[in-house]
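Peer 1: Sharing a structure with you now.
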Amino acid sequence: MRHLLSIDDLDRAGIERIIAQAERFSEVSDREIKKVPALRGRMVLNLFYEASTRTRSSFELAAKRLSADVVNFAASGSSVEKGESLKDTVLTLSAHKPDAIVLRTPWAGASELVAGWCSAAIVNAGDGKHEHPTQALLDVYTLQQRLGSIDGASIWIVGDVAHSRVARSNILAFQRMGASVTVAGPPTLIPRGIEALGCEVRYTLDELPSADIVYALRMQRERMSEPWVPSLREYASWYQINARRLTARQVLMHPGPVNRGVELSGEVVDSPQAVITAQVEAGVVVRMAVLYELLAGGGGAASGRALRSAEPVRLQSTPVGGSRAA
Amino acid sequence: MRHAEPLVAAVRPPSTLLLREVRVLDPRTGIDGIHDVLVSNGRIAEIAQPAALSAPDAELLEGAGRLALLPGFFDPHVHLRTPGQEHKEDLESGTRAAAAGGFVGVIAMPNTDPVLDSAPLLRSLRDAAAREATVPVGFLPAVTRGLEGEQLTEMAELRQEGALGFTDDGRPVQSAGMLRKALQYQRLCGGVISLHEEDRTLSRGGSMHEGEVSALLGITGIPTVAESTMVARDAALAGYEDARVHFQHLSCMASARAVEQAKGYGWKVTCEVSPHHLLLTDEDVRSMDTRMKMYPPLASEQDRLALIEGLRSGVIDCVATDHAPHARDEKEVPFEQAPMGTTGLETSFAALYTGLVIPGILDLGLLVQRLTAGAGVFDLPVSRIAAGEPANVTLVDLDARWVAGEHGWESRSENCCFAGRSLQGRVLLTVAAGSVVHRERSLAGAVAR
Chain A
1 MRHLLSIDDL
11 DRAGIERIIA
21 QAERFSEVSD
31 REIKKVPALR
41 GRMVLNLFYE
51 ASTRTRSSFE
61 LAAKRLSADV
71 VNFAASGSSV
81 EKGESLKDTV
91 LTLSAHKPDA
101 IVLRTPWAGA
111 SELVAGWCSA
121 AIVNAGDGKH
131 EHPTQALLDV
141 YTLQQRLGSI
151 DGASIWIVGD
161 VAHSRVARSN
171 ILAFQRMGAS
181 VTVAGPPTLI
191 PRGIEALGCE
201 VRYTLDELPS
211 ADIVYALRMQ
221 RERMSEPWVP
231 SLREYASWYQ
241 INARRLTARQ
251 VLMHPGPVNR
261 GVELSGEVVD
271 SPQAVITAQV
281 EAGVVVRMAV
291 LYELLAGGGG
301 AASGRALRSA
311 EPVRLQSTPV
321 GGSRAA
Chain B
327 MRHAEPLVAA
337 VRPPSTLLLR
347 EVRVLDPRTG
357 IDGIHDVLVS
367 NGRIAEIAQP
377 AALSAPDAEL
387 LEGAGRLALL
397 PGFFDPHVHL
407 RTPGQEHKED
417 LESGTRAAAA
427 GGFVGVIAMP
437 NTDPVLDSAP
447 LLRSLRDAAA
457 REATVPVGFL
467 PAVTRGLEGE
477 QLTEMAELRQ
487 EGALGFTDDG
497 RPVQSAGMLR
507 KALQYQRLCG
517 GVISLHEEDR
527 TLSRGGSMHE
537 GEVSALLGIT
547 GIPTVAESTM
557 VARDAALAGY
567 EDARVHFQHL
577 SCMASARAVE
587 QAKGYGWKVT
597 CEVSPHHLLL
607 TDEDVRSMDT
617 RMKMYPPLAS
627 EQDRLALIEG
637 LRSGVIDCVA
647 TDHAPHARDE
657 KEVPFEQAPM
667 GTTGLETSFA
677 ALYTGLVIPG
687 ILDLGLLVQR
697 LTAGAGVFDL
707 PVSRIAAGEP
717 ANVTLVDLDA
727 RWVAGEHGWE
737 SRSENCCFAG
747 RSLQGRVLLT
757 VAAGSVVHRE
767 RSLAGAVAR
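Chains A and B, in that order, give the protein sequences. Under the working numbering, read the first sequence as residues 1 to 326, first letter to last. Under the working numbering, read the second sequence as residues 327 to 775, first letter to last.
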C-alpha cells in the first residue's frame, strides 16, 4: 500500500493486516519505554488545515513511538493565511523530503490530489465530509478488542450523517468486516442517495434495540452554516442516545469530542457500554500500524487499490458516451 | 429598437475559395450531396456539380468526396472573460477557439470584471472586438446593475449600443419581482432575456449534482429542483407578461419538462443545452476531476437521456457550449474549492458527433441544425449554404480521429471536460463572414494555390 486515502484502498485482508499489526504495537504502549526504532530516521509531516487536537496528537504520538521525526504544520499562522495554494504549500514542504504526509483539510479529495503532487506516502486524516479512514480502522480495532469480531453484527450510526466523514469511512469499513449498517438521523441530515453505500436508512430510533453497536455522531455545529434541525433540544429528544434508549448488551461508540446533553446524555458517556476512551487509545496503535505499513512496507502491495500512480489529476480516455445505451 | 450592428469582428479581406467535391449538408436548405462550392466576395458565389467549377484565382481545396461542408455553427453562450479576467481568456483567444471549433458567431456573457452593465462599457468592448475578434461576437449585457439583482441596467440605451439581449448569467436573478420588471421593460427595448436558472437557497454550498455519487463523496449536492423550479417560475412570468425568455444550459429532465409545458401553452420560451450535459453524468465526477465541475452540475443518466430526447424533439432549440475558461492554478485545487466551468468551443462538434451521431442516437443533419439555431434565438440570421448567402461555413473531416487536447488549445485555458478523450470528426476550415478564420494545420499541405 502506497497511500491511505480511503477505506476503499483496503480490502478485508488489508484491514485485518493493519489491525493485527496494531495489536502487536499495543504491547509497546504498555512498556515503560514506549518506543520502537521501526521508523528511525524517517520523517512524518502533519499538515493540518483544520483545527484538530486528538487526531493530530494521536498521529504525532504514533510517529514518535516508531522513532520517526515529526514536523507539525498548521495552516493557521502560516503561509496559507498569506494566500498560498494547497499545491504550492505541498511543493514547498516537499522540499524537506517527508516520507509521509498526514493531511487534514476541509475539502473532499484533497489527499488524493496531494498524492499526485509529491512522492511522500499520504495518509488522509480527514478530507472535508468525504473520509477519515484511520478513524474507521481504529473503530474496527476497538470493536474487535471488545467483541472479538463484528461479522454479522448490526451497527447503527446515529446523527448528522450529512456532515460526517467518519460516517462514510465507517459505513465502508464496517460492511467490509461483515457487519450490516443502518444510518439514522433527522431527514435533513441524511444525504440523498446514501443507500448507495449499502446501508439502511431510518429516521427514528424505534428499531434501535435491534442494534448490537450504537455509533453516535457528533452534531457538527461548527460546520453548520444554517439551521438543519429546529433546535438542539428537539434533536436531543428524538436522537440523543441516553439510558432510556441504550440497552445493557449494546456497545456505544463516539468519535469525539462529545457534546454531552446533545447526541449523548452524560450518563451513557460514563456507562460501561461506552468504549469512547478505548477508541482514543486505539487511535495511537492503529496509526502506528498505518505509518508502519506505508513506510516500512508492512504488508507489501497486497491489498485493494494499493499502488496508486503518482500522477496528477487523471485523464480518463474512455470514448465520449462510452458504452451507454441511449 | 436596435441601432448598432449586432455582431462585431476585426475586418479581414474576403477569401476566395474553391471547395471541390465536398459533401455539402444543410438541413435547412435540404441539400446533402457532393458539390463544388465557390466562395468569393464574402458570399457563397456558386454551388455546382462535382468537379464542374474552376476558378484560377481561388484557393483550391480538394474535398475528394470525403470532407463535409456544413453551415457555420453559432454559440449563444460563451465567456470571453474580457474585461478583467484576461488571464483566463480574451476576445482574441476566445474567438480563435471559437473559429477552431467551427463557430462563425458567438455571444459573450456579462459576468466580467467590471460587469458589462453600461453603454460606455459595451461600446468599448465592441470597439475592442472590432480590433481583436476573429469571429463575430455579440454581447448580452446584464439585466441588473453589477449582477446584484437590485436595479435594472439601462436596457434601452444598451440596446441602442448593440445589446443582443440581457442576462445575469453567473449570478441569476433570484427575485421574481425584479425579473418581472425586466420582462415588462422588454416591451420598450426588445432583446431576449437569457436566464441562468438557479435557486440559490437550494443550491447553496453545493458543488455537484445531488445523488448517489455526491453521497458517496461527501460533497454537498445541488438538487435538480434548484434549476427546474426556477425554469417553471420564469416560464410562467414570461407567459404572464407575454415576454421572450431563453433558458440557458438546461441540465435535467424536470427542466426539459417545464420548457415543454411552457411551449405547449404557446409561451415565448426557448432553451439551450451544453455538450457536457448531453454526454457526461455525475458518474464522471467520481474522480473529483475539477474539469467536471460546472453549473449546472452534470446530472444523472436519466437526465442526460431526457436532454438528448429534448434536443431531438425540438423542446431544446439549440446547443450552447457555455465555454467557461479558468486558469490552471484556479482549477488545480480540491474539487469543492474549484471554480465552476469547462471550456467547450474546440470540442463541441467532435464530442457530439462522437457521442451522439456515430452511435446512431442523433442524425448529423439534426445536430447541425441545433449547432446553428442559436443565432435565430437572438434574431440573428442563421447560416445557410445556398448561392448568394453570406459565406459562413465549416469544413469538417468526419473520419479524422484525435484526442482532445493533444494538439494543445487555442483557448488560453485548458479546463476542458473532454480533454484526453478520443474523438472523431475534426474541424479543418472555418469561414466566417466571408473570410477564412481557422485552418487546421494538417490542411496547409493539402492546399494548392
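Virtual Cβ for every residue (Gly too), placed ideally from N, Cα, C.
#1: Using 8 Å as the threshold, is the region 606-623 of chain B in touch with the region 654-671 of chain B, meaning 3 or more CB pairs across them?
#2: Kindly list, in the order they appear in chain A, the residues whose Cβ is closer than 8 Å to that of residue 661 (chain B).
#3: Please state whether the Cβ-Cβ distance between residue 204 (chain A) and residue 238 (chain A) is less than 9 Å.
#4: Report all residues from its chain with a CB closer than 6 Å to the CB of residue 410 (chain B); omit the five preceding and five following residues, and keep chain order.
#5: Whose C-beta lies closer than 7 Å to the C-beta of residue 558 (chain B) among residues of the same chain, with five residues either side of it excluded?
#6: Buried or exposed: which applies to residue 15 (chain A), given that a residue is buried once 16 or more other Cβ atoms fall within 10 Å of its Cβ?
#7: Given a cut-off of 9 Å on the beta-carbon distance, is the pair residue 131 (chain A) and residue 176 (chain A) in contact?
#8: Of the residues that make up the region 126-141 of chain A, which ones have a beta carbon closer than 9 Å to any beta carbon in chain B?
#9: Quick one: grab the DSSP three-state call for residue 174 (chain A).
#10: In chain order, which alpha helix (DSSP H) runs of at least 4 residues are fully inside the region 76-125 of chain A?
#11: May I have the straight-line CA-CA distance separating residue 470 (chain B) from residue 485 (chain B), to the nearest angstrom?
#12: Just confirm the distance between the C-beta atoms of residue 435 (chain B) and residue 413 (chain B), as a whole number of angstroms; I'd bet it's less than 8 Å.
#13: Of all the options A:240, A:273, A:250, A:292, which has the alpha carbon lying nearest to the alpha carbon of residue 265 (chain A)?
#14: Would residue 122 (chain A) pass as an interface residue toward chain B - the criterion being a Cβ-Cβ separation below 9 Å?
#15: Please confirm whether residue 658 (chain B) and residue 85 (chain A) have their CB atoms less than 9 Å apart.
#16: For residue 151 (chain A), count neighbouring Cβ atoms within 10 angstroms of its own Cβ and tell me buried if that reaches 16, exposed if not.
#17: Taking a cut of 7 Å between CB atoms, which residues from the region 187-208 of chain A lie near chain B?
#18: Quick check on the burial criterion: 16 or more other C-beta atoms within 10 angstroms. Buried or exposed for residue 33 (chain A)?
#19: Quick one: Cα of residue 549 (chain B) to Cα of residue 529 (chain B), how far?
#20: Please compile the residues from chain B whose C-beta is within a distance smaller than 9 Å of the C-beta of residue 87 (chain A).
#21: Given residue 525 (chain B), which residues of its chain have a CB within under 7 Å of its CB, disregarding the five upstream and five downstream residues?
#22: Three-state secondary structure (DSSP) at residue 606 (chain B)?
#23: Given this structure, state the Cα-to-Cα distance separating residue 299 (chain A) from residue 747 (chain B), to the nearest angstrom.
#24: Go through its chain and collect everything with a Cβ distance to residue 71 (chain A)'s Cβ below 6 Å, but skip five positions before and after it.
#25: Can you tell me where the beta strand (DSSP E) with residue 182 (chain A) in it begins and where it stops?
#26: Kindly indicate the opening and closing residues of the beta strand (DSSP E) around residue 73 (chain A).
#27: Cα separation between residue 776 (chain B) and residue 400 (chain B)?
#28: Between residue 423 (chain B) and residue 649 (chain B), is the Cβ-Cβ spacing less than 9 Å?
#29: Report the residue from A:62, A:76, A:213, A:138 whose alpha carbon sits nearest the alpha carbon of residue 102 (chain A).
#30: Quick one: residues in its chain with C-beta nearer than 6 Å to the C-beta of residue 540 (chain B), no 5 flanking neighbours on either side, listed in chain order?
#31: Give the residues of chain B in contact with residue 104 (chain A), contact being defined as C-beta atoms less than 9 Å apart.
#32: Residues of chain B with CB under 7 Å from residue 113 (chain A), in chain order?
#33: In whole angstroms, what is the alpha-carbon distance linking residue 250 (chain A) and residue 272 (chain A)?
#34: In angstroms with no decimal places, state the Cα-to-Cα distance between residue 305 (chain A) and residue 122 (chain A).
#35: Helix or strand or just coil, what does DSSP make of residue 330 (chain B)?
#36: On a Cα-Cα basis, can you pick out the residue from B:509, B:544, B:538 that is closest to residue 572 (chain B)?
Peer 2: From the atom records:
#1: Yes, the region 606-623 of chain B touches the region 654-671 of chain B.
#2: Chain A residues near residue 661 (chain B): 107, 108, 109.
#3: Against a cut-off of 9 Å, the Cβ pair of residue 238 (chain A) and residue 204 (chain A) comes out as a contact.
#4: Here the set comprises 438, 439.
#5: Result list for residue 558 (chain B): 584, in chain order.
#6: Buried is the call here.
#7: Not a contact, by the Cβ cut-off of 9 Å.
#8: Those would be 127, 128, 129, 130, 131, in chain order.
#9: Under the three-state reduction of DSSP output, residue 174 (chain A) falls in the helix class.
#10: Whole alpha helix (DSSP H) segments, 4+ residues: 86-94, 110-117.
#11: Rounded to whole angstroms, the gap between the alpha carbons of residue 470 (chain B) and residue 485 (chain B) is 14 Å.
#12: Incorrect: roughly 17 Å between the Cβ atoms, too far for contact.
#13: With distances taken between Cα atoms, residue 265 (chain A) lies closest to A:240.
#14: No - not a single Cβ of chain B is within 9 Å of the one on residue 122 (chain A).
#15: Judged by their CB atoms, residue 658 (chain B) and residue 85 (chain A) are nearer to each other than the 9 Å cut-off.
#16: Exposed.
#17: So the close ones are 191, 192, 193, 194, 196, 197.
#18: Its Cβ having fewer than 16 others within 10 Å, residue 33 (chain A) is exposed.
#19: Distance from the CA atom of residue 549 (chain B) to the CA atom of residue 529 (chain B), rounded to whole angstroms, is 7 Å.
#20: Near residue 87 (chain A) (Cβ distances below 9 Å), the residues of chain B are 655, 658, 659.
#21: Hits under 7 Å: 552, 555, 556.
#22: Three-state DSSP puts residue 606 (chain B) in coil, outside helix and strand.
#23: Note on residue 299 (chain A): pLDDT 49, under 50, position unreliable in the model; the coordinate value appears next. So the alpha carbons of these two residues sit roughly 36 Å apart.
#24: Same-chain partners within the cutoff: 45.
#25: 180-184 is the span of the beta strand (DSSP E), which, as asked, contains residue 182 (chain A).
#26: Bounds of the beta strand (DSSP E) holding residue 73 (chain A) are 69-74.
#27: There is simply no residue 776 (chain B) to check, as chain B begins at 327 and stops at 775 in what is shown.
#28: Yes, Cβ-Cβ distance for residue 423 (chain B) and residue 649 (chain B) is below 9 Å.
#29: Of the listed residues, the one whose Cα sits closest to residue 102 (chain A) is A:62.
#30: In its chain, beyond the 5 residues on either side, 534, 547 have a beta carbon closer than 6 Å to the beta carbon of residue 540 (chain B).
#31: Going along chain B, no residue has its Cβ under 9 Å from residue 104 (chain A), so there is no contact; the nearest lies around 12 Å.
#32: Residues of chain B passing the Cβ test: 660.
#33: Between the C-alpha atoms of residue 250 (chain A) and residue 272 (chain A) there is a straight-line separation of about 10 Å.
#34: Caution applies to residue 305 (chain A), whose pLDDT of 38 falls short of 50 and renders its modelled position unreliable; the model cannot decide the point.
#35: It is coil, neither helix nor strand.
#36: Considering only alpha carbons, the answer is B:509.
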